[in-house]
Amino acid sequence: MERFADITFQEICVGRDLLLIISGGDRHIGASSTAYWEHGLVQVQTSAVPGHKEHLLSEELALRAAAELGLTVTLVMGIHYDQLSRTEIACITRRVKRLVDDYLSQKAECKV
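Mapping the sequence shown onto my numbering, position 10 (from 1) lands on 79, and the numbers just tick up by one.
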């Protein structure tokens, strides 16, 4: 079994907006990024819990999802495993990006 197989991806449609939740290991809320359209451009606002690093991924992925789907997207992320190596962090990053890639390839769309 893959080491980080417990990392999960959830979607919740909130009207025509989208909430995405990515978590794994010791699940928690480490960061939240909301990407939205304003004057024809995608903007993002991110909030990170001090001492957490999830915002390094949540912001990029929320921007990408909002741009591709044309929706307001909030991505909440909380992944924690003790004493990770750089190689393991890279593996987690690849897995999370692959989960988002797979989701976006389905062109999910929330409808009112």
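Even glycine gets a Cβ: it sits at the ideal position worked out from N, Cα and C.
Could you tell me how far apart the beta carbons of residue i and residue j are, in whole angstroms, since I believe they sit closer than 8 angstroms?
i: L126; j: V83; result: Not a contact, Cβ separation roughly 21 angstroms.
So the alpha helix (DSSP H) residue i belongs to, where does it begin and stop?
i: E129; result: H124 to L138
i: I159; result: As written in the sequence, residue 159 is Ala, which differs from the Ile given in the question. R155 to S174 is the span of the alpha helix (DSSP H), which, as asked, contains A159.
Using CA atoms only, rank isn't needed, just tell me which of the options is closest to residue i.
i: V118; options: Q175, D86 and S102; result: S102
i: Y182; options: D151, I91, E107 and H124; result: Because the chain spans 70 through 181 in this model, residue 182 falls outside it and cannot be assessed.
i: E129; options: D95, A74, R85 and Y105; result: Y105
i: A100; options: R85, H121 and V113; result: H121
i: S116; options: E137, G109 and A131; result: A131
i: I158; options: G94, R85 and F78; result: G94
i: E123; options: I148, R163 and A74; result: I148
i: Y151; options: L89, R96, E80 and E71; result: Reading off the sequence shown, one finds Asp at residue 151, where the question assumed Tyr. Out of L89, R96, E80 and E71, R96 has the C-alpha closest to the C-alpha of D151.
i: Q175; options: E80, F73 and R85; result: E80
i: L89; options: R155, R163, T156 and R133; result: R133
Does the separation of the CB atoms of residue i and residue j fall below 8 angstroms?
i: I161; j: I76; result: yes
i: A135; j: V145; result: no
i: L87; j: L140; result: yes
Note the first and the last residue of the continuous beta strand (DSSP E) segment covering residue i.
i: T143; result: V142 to H149
Please tell me whether residue i has its Cβ less than 8 angstroms away from any Cβ of chain C.
i: V165; result: Annotation note: the requested chain C is absent from the structure, which comprises a single protein chain.
Original post:
Which ranges does the beta strand (DSSP E) cover as unbroken runs of at least 3 residues, wholly within the region 83-121, from first to last along the chain?
Top reply: 86-94, 100-107 and 110-117
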